[in-house]
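Engineer:
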Amino acid sequence: MGPGARWSRHVPVVVSLLAGAAAWEIAAHFTTRAFWAPLSETLESLAESARSGVLTRQAASSFQLYLSGLALAIFAGAPFGLLLARVRWLRVALENYIMMLYATPMVALIPFILSMMGFGFAPKVLVVFLFAVFPILYNTVEGARSIRPELIEVAHAFRSSEWQLWRDVMIPYTLPFAMTGIRQAIARGLVGMVAAEFFLSPSGLGQMIMMGSQNFDTAGLLAAILVIVLLGVGFMDFGRYLEGRFASWRGNDR
Amino acid sequence: MSTGQAILERPAAGLVRGAKTLLASPLLLKTAAGIVLLGAWEAVVRAFAPAYVAKPIGIARVFLEVVSDGPFLAAAGATLWAVVKGLLIAITLGLAVGLAMGRLTVVERGLRYYVNSLFATPMIAILPLVTLWFGYNADARLAVIVFAAFFSIAVNTCDGARSVPLDYLEVARSFRARPLSTLLDIVLPSSLPYLIAGMRLAAGRALVGAVVAEFFISIPGLGYYILFNSRTFKHNEAFVAVIALVIVGVSFEAMLNWITRRYLPWARRD
Numbered sequence: 058m059g060p061g062a063r064w065s066r067h068v069p070v071v072v073s074l075l076a077g078a079a080a081w082e083i084a085a086h087f088t089t090r091a092f093w094a095p096l097s098e099t100l101e102s103l104a105e106s107a108r109s110g111v112l113t114r115q116a117a118s119s120f121q122l123y124l125s126g127l128a129l130a131i132f133a134g135a136p137f138g139l140l141l142a143r144v145r146w147l148r149v150a151l152e153n154y155i156m157m158l159y160a161t162p163m164v165a166l167i168p169f170i171l172s173m174m175g176f177g178f179a180p181k182v183l184v185v186f187l188f189a190v191f192p193i194l195y196n197t198v199e200g201a202r203s204i205r206p207e208l209i210e211v212a213h214a215f216r217s218s219e220w221q222l223w224r225d226v227m228i229p230y231t232l233p234f235a236m237t238g239i240r241q242a243i244a245r246g247l248v249g250m251v252a253a254e255f256f257l258s259p260s261g262l263g264q265m266i267m268m269g270s271q272n273f274d275t276a277g278l279l280a281a282i283l284v285i286v287l288l289g290v291g292f293m294d295f296g297r298y299l300e301g302r303f304a305s306w307r308g309n310d311r
Numbered sequence: 015m016s017t018g019q020a021i022l023e024r025p026a027a028g029l030v031r032g033a034k035t036l037l038a039s040p041l042l043l044k045t046a047a048g049i050v051l052l053g054a055w056e057a058v059v060r061a062f063a064p065a066y067v068a069k070p071i072g073i074a075r076v077f078l079e080v081v082s083d084g085p086f087l088a089a090a091g092a093t094l095w096a097v098v099k100g101l102l103i104a105i106t107l108g109l110a111v112g113l114a115m116g117r118l119t120v121v122e123r124g125l126r127y128y129v130n131s132l133f134a135t136p137m138i139a140i141l142p143l144v145t146l147w148f149g150y151n152a153d154a155r156l157a158v159i160v161f162a163a164f165f166s167i168a169v170n171t172c173d174g175a176r177s178v179p180l181d182y183l184e185v186a187r188s189f190r191a192r193p194l195s196t197l198l199d200i201v202l203p204s205s206l207p208y209l210i211a212g213m214r215l216a217a218g219r220a221l222v223g224a225v226v227a228e229f230f231i232s233i234p235g236l237g238y239y240i241l242f243n244s245r246t247f248k249h250n251e252a253f254v255a256v257i258a259l260v261i262v263g264v265s266f267e268a269m270l271n272w273i274t275r276r277y278l279p280w281a282r283r284d
C-alpha cells in the first residue's frame, strides 16, 4: 500500500471529525444557548476549569471513587469466582443467583442505599462496587463451567498438589473469562460512578454536569460530558486491551 | 461420575459432604442455597438494620398487595411500554445505521469515531442535557432509552454486516443478485446473531436508562415508584418494584435465547 493509498484511507476520518466539529459549532447558532453551546465555547470552558483547578479536583474525586469501587469489585469478585470454579457444589448452588444479580439493573438499588447509608464516600463506593462486581463473578463462573473435567482428572491422575492444580489448570482456564468480566466491569463501573455522583451526594464530574445544567451553563455541561466521553473511550480501549492480552489463553476447543 | 467420586473420597467436613451429596440433585441444592441466602438477608437486617429496611418476610407480606395495586401496575406498564417503544426505535435506527456502516466503507469511516465513542459513554451523563432539550417529561425518558440502546445495536450490526462470509457475497455476485436482494437475503440474515447480541446489551442498557430517567425527571414508572417509596421508608414496597425490574430483564434475556434457539439454530455463538 503506497503513501497515497494510506492518505486516502484517512481522508474520510479527518473529514468526518472536521465536519462533526463544524456541525457542533454551527448548530449552536441555530438554537438558544440553553440548548447547545458552540464547540469553541465548550473548549474555552474546559480550558477555564482546567486553569482554575476545578477540573483536576473534580476528576481526581471521580477517579478516587471509581478506582476504589472497581478495585474492591476485582479483589472480591475474581477470587470468589475462582473459588466457585474449584468448588463445584458451591458453584452449582450459587450460579443461578449470580446470573440473576448480573441481570439486575443495580441502579434501582440506589434509593435504598441513599436512605440506609446517607451521604458520604462509602455508599458511593458501594454503588460502583455493585455495578462492577457481578460481571466479573458471572464471567468467571462461565469460564469455570467450561473447564473440561478430563483436565482435572488428568491432573489428579498425575498426583498434582492443590496448588499445582490451581496454577496449571484453574487459573489459566478461568483468567481469560475473568478478563472479559473485568472489561465489562470497567464500563459498568463508570456508569455506576456517574449514577452515584448524580443521585447520592453530588461530587466529581457528575457534579460538574449537574451544575452546568442547573445554571444553564450549557458550555460547562458539554465540557463535562466531553470529559466523560473521553474517559469512557479510554477505559473501554484499556479493557479491550486487557481482554485481548489474555484471549490467547482461551482453549480453542470451544 | 468420576470427578465427583474423586472429590468425595477426600476427607471433608460434614456440611461440605452434605452439600456434595446434594449435587446428585442440583435443583435441591439450588433451592437450599436460595433459602440460606434469604435467611442470611433476613437475619442480618433483623440484627443490624432499622425496622424499615427491606427483608424477605416483609417483602413477601406486601407482595400480593403491591402487585394488585393500581398505581404499581400503572408504573410498571409505563416503564415497560417506554422501554419497548424505545427499543423498537433504537433497533430500527441502529439496524439501518449499522448495516450502512458495515457495507459502505465511506459511511463506516465517517461515523466510526462518533458511534464507537458514544457506545463507550455512560448514557446517564447526557441525562441533564436531554432534560434541557425535551423538558421534564416522558419524551425525555424515551430519548434516554433510545440513546442508551441505539449505539450497542449499531455497533453490533456493523460488526455483523462486516463479517458476512465472502463466499456468499461472491456467489451472489456471480448470480448477478441486485444490491437490495444481497442486502436483504445475505447480509441481513448473517448479521442477525450479532443483532441479537446487540439487543441483549441494548435491553439491559435501556432498562437502566429508563430507571435513571425516572429518578431524575420524577415521572410515573418503576424507577420513580422505588424512589418515592424508599423516601417514605416503605422499603418493602419499593423492593417489589426492583423484583419487577429483574423479572423484566430476565424474561427479555430468556426471550432472546428462545428466539435464537427457535429461529437461528445455526448461529450458536458463545
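Protein chains in written order, with my numbering: chain C, 58 to 311; chain W, 15 to 284. Even glycine gets a Cβ: it sits at the ideal position worked out from N, Cα and C.
#1: Under 8 Å Cβ-Cβ, which residues of chain C neighbour V225 (chain W)?
#2: Identify each residue in the region 173–204 of chain C for which the Cβ-Cβ distance to at least one residue of chain W is less than 7 Å, and report them in chain order.
#3: With a cut-off of 8 Å on the beta carbons, I'd call V260 (chain W) and I159 (chain W) a contact; round off their distance for me.
#4: Which chain W residues sit within Cβ distance under 8 Å of I155 (chain C)?
#5: Using CA coordinates, which residue listed in C:A244, C:Q271, C:G277, C:V290 is at the minimum distance from A130 (chain C)?
#6: Give, in chain order, every unbroken run of the alpha helix (DSSP H) that is at least 4 residues long and sits entirely within the region 148–214 of chain W.
#7: Can you find the residues in the same chain that come closer than 6 Å, C-beta to C-beta, to K69 (chain W), ignoring five residues on each side of it along the sequence?
#8: What ranges does the beta strand (DSSP E) occupy inside the region 89–165 of chain C, keeping only unbroken runs of at least 3 residues that lie completely in it?
#9: Using a 10 Å radius around the Cβ and a threshold of 16 neighbouring Cβ atoms, would you call L22 (chain W) buried or exposed?
#10: Would DSSP call V67 (chain W) helix, strand or coil?
#11: Would you check if there are 3 or more beta carbon pairs closer than 8 Å linking the region 225–244 of chain C to the region 200–213 of chain C?
#12: Look at the alpha carbon of F266 (chain W) and the alpha carbon of R214 (chain W), and state the distance between them as a whole number of angstroms.
#13: What is the C-beta distance between L141 (chain W) and F230 (chain W), in whole angstroms, given that I count them as a contact (C-beta under 8 Å)?
#14: What residue does the alpha helix (DSSP H) around M267 (chain C) start on, and which one ends it?
#15: Contact between the region 246–262 of chain C and the region 130–138 of chain W: three or more CB pairs below 8 Å?
#16: Between I209 (chain C) and the rest of its own chain, which residues show a CB-CB distance below 8 Å, the 5 nearest in sequence each way excluded?
#17: Can you list, in chain order, the residues of its chain whose CB lies under 6 Å from that of G18 (chain W), leaving out five sequence neighbours each side?
#18: By alpha-carbon positions, which one of C:E98, C:S73, C:S260 ends up nearest to E82 (chain C)?
#19: Would a check of beta-carbon distances place I266 (chain C) closer than 9 Å to chain W?
#20: Look at the alpha carbon of R108 (chain C) and the alpha carbon of M293 (chain C), and state the distance between them as a whole number of angstroms.
#21: Taking just the CA atoms, how far does R302 (chain C) sit from G91 (chain W)?
#22: Return the CA-CA distance between V120 (chain W) and F92 (chain C), expressed in angstroms with no decimal places.
#23: Kindly list the residues whose CB is nearer than 6 Å to the CB of F191 (chain C), restricted to its own chain and excluding five residues on each side of it in sequence; keep chain order.
#24: Could you list which residues in chain C have their beta carbon closer than 7 Å to that of I138 (chain W), in chain order?
#25: Using Cβ-Cβ distances below 8 Å, what residues of the region 101–121 of chain C are close to chain W?
#26: Just to confirm my understanding: we take A114 (chain W), look at its own chain, exclude 5 residues before and 5 after, and list those with CB closer than 6 Å. What are they?
#27: Throw me the rounded Cβ distance for the A242 (chain C) and A189 (chain C) pair, which I believe falls under 8 Å.
#28: Roughly how many angstroms separate the alpha carbons of A217 (chain W) and L43 (chain W), rounded to a whole number?
#29: Determine, using beta carbons only, whether L206 (chain W) comes closer than 9 Å to chain C.
#30: Against chain C, does V264 (chain W) count as a neighbour if the rule is that its beta carbon must be under 9 Å from one of theirs?
#31: At least one CB of chain C closer than 9 Å to the CB of I200 (chain W): is that the case?
#32: Would you check if the distance between the CB atom of V164 (chain C) and the CB atom of A252 (chain C) is smaller than 9 Å?
#33: I want to see whether chain W comes within less than 9 Å of T275 (chain C), judged by CB atoms only; does it?
#34: So is W146 (chain C) buried or exposed if we call it buried at 16+ other beta carbons inside 10 Å?
Structural biologist: Result, derived from the coordinates:
#1: Indexing the second sequence from 1 puts residue 225 (chain W) at position 211. P162, V164, A165, listed in chain order.
#2: Residues of the region 173–204 of chain C with a C-beta less than 7 Å from any C-beta of chain W: M173, listed in chain order.
#3: If you number the second sequence from 1, residue 260 (chain W) lands on position 246. If you number the second sequence from 1, residue 159 (chain W) lands on position 145. Between I159 (chain W) and V260 (chain W) the Cβ distance is about 18 Å, and since that is not below 8 Å, they are no contact.
#4: In the first sequence, counting from the first residue as 1, residue 155 (chain C) sits at position 98. In chain order: nothing, as chain W lies at least about 11 Å away.
#5: Translated into positions along the first sequence, residue 130 (chain C) becomes position 73. With distances taken between Cα atoms, A130 (chain C) lies closest to C:A244.
#6: The alpha helix (DSSP H) runs of length 4 or more contained entirely in the region 148–214 of chain W are, from start to end of the chain, 152–176, 180–188, 193–196.
#7: As a position in the second sequence, residue 69 (chain W) is number 55, starting the count at 1. Counting only Cβ-Cβ distances below 6 Å, and skipping sequence neighbours, we find E56, V59.
#8: Under the rule that a run must span 3 or more residues, no beta strand (DSSP E) segment is found entirely inside the region 89–165 of chain C.
#9: Taking the first residue of the second sequence as position 1, residue 22 (chain W) is located at position 8. With a pLDDT of 43 at L22 (chain W), under the threshold of 50, the predicted position of this residue should be treated as unreliable, though the coordinate-derived value follows. Exposed.
#10: As a working note, residue 67 (chain W) is residue 53 in the second sequence. V67 (chain W) falls in the coil class under three-state DSSP.
#11: Yes, since at least three Cβ pairs between the region 225–244 of chain C and the region 200–213 of chain C fall closer than 8 Å, the two stretches touch.
#12: Sequence index remark: in the second sequence, residue 266 (chain W) carries index 252 (1-based). Sequence index remark: in the second sequence, residue 214 (chain W) carries index 200 (1-based). Their backbone Cα atoms lie some 8 Å apart in a straight line.
#13: One-based indexing of the second sequence puts residue 141 (chain W) at position 127. One-based indexing of the second sequence puts residue 230 (chain W) at position 216. Right, their Cβ atoms sit about 5 Å apart.
#14: Numbered from 1 along the first sequence, position 210 holds the residue referred to as residue 267 (chain C). Unbroken alpha helix (DSSP H) run through M267 (chain C): 261–271.
#15: A contact exists between the region 246–262 of chain C and the region 130–138 of chain W.
#16: Position 152 of the first sequence holds residue 209 (chain C). For I209 (chain C), where only same-chain residues beyond five positions count, the Cβ hits under 8 Å are L222, V226.
#17: By 1-based counting over the second sequence, the position of residue 18 (chain W) is 4. Caution is warranted here: a pLDDT of 45 is assigned to G18 (chain W), below 50, making its placement in the model unreliable, and the coordinate value is therefore given only provisionally. None.
#18: Here the question's residue 82 (chain C) lines up with position 25 in the first sequence. Comparing Cα-Cα distances from E82 (chain C) to each of C:E98, C:S73, C:S260, the minimum goes to C:E98.
#19: Within the first sequence, residue 266 (chain C) is the residue found at index 209, counting from 1. I266 (chain C) counts as touching chain W.
#20: Reading the first sequence from its first residue, position 51 is the one you call residue 108 (chain C). Reading the first sequence from its first residue, position 236 is the one you call residue 293 (chain C). Each residue's CA atom was taken as its position, placing R108 (chain C) and M293 (chain C) some 28 Å apart.
#21: Taking the first residue of the second sequence as 1, we reach residue 91 (chain W) at position 77. Taking the first residue of the first sequence as 1, we reach residue 302 (chain C) at position 245. Those two C-alpha atoms are separated by around 44 Å.
#22: Walking along the second sequence from the start, residue 120 (chain W) turns up at place 106. Walking along the first sequence from the start, residue 92 (chain C) turns up at place 35. If you take the alpha carbons of V120 (chain W) and F92 (chain C), they lie about 30 Å apart.
#23: One-based indexing of the first sequence puts residue 191 (chain C) at position 134. Cβ within range, chain order: L158, Y159.
#24: Against the second sequence, residue 138 (chain W) aligns to sequence position 124. Close partners of I138 (chain W) in chain C (Cβ separation under 7 Å): V248, V251, A252, F255.
#25: Here the close residues number zero.
#26: Locating residue 114 (chain W) in the second sequence gives position 100, counting from the first residue. The answer, listed in chain order, is V121.
#27: As a first step, residue 242 (chain C) is located in the first sequence; it is residue number 185 there, counting from the start. As a first step, residue 189 (chain C) is located in the first sequence; it is residue number 132 there, counting from the start. Between the beta-carbon of A242 (chain C) and that of A189 (chain C) there is about 4 Å, and that keeps the pair under the 8 Å contact cut.
#28: The residue you call residue 217 (chain W) lines up with position 203 of the second sequence. The residue you call residue 43 (chain W) lines up with position 29 of the second sequence. Spanning the two alpha carbons is a distance of roughly 31 Å.
#29: The sequence position of residue 206 (chain W) within the second sequence is 192, counting from 1. Not a single C-beta of chain C is nearer than 9 Å to the C-beta of L206 (chain W).
#30: Here residue 264 (chain W) corresponds to residue number 250 of the second sequence, with the count starting at 1. V264 (chain W) counts as touching chain C.
#31: Your numbering for residue 200 (chain W) matches position 186 in the second sequence. Output row for I200 (chain W): interface = no.
#32: Along the first sequence, read from residue 1 onward, the residue named residue 164 (chain C) stands at position 107. Along the first sequence, read from residue 1 onward, the residue named residue 252 (chain C) stands at position 195. Cβ distance < 9 Å, so V164 (chain C) and A252 (chain C) count as in contact.
#33: Along the first sequence, read from residue 1 onward, the residue named residue 275 (chain C) stands at position 218. The beta carbon of T275 (chain C) sits closer than 9 Å to some beta carbon of chain W.
#34: Walking along the first sequence from the start, residue 146 (chain C) turns up at place 89. Buried: at least 16 other Cβ atoms inside 10 Å.
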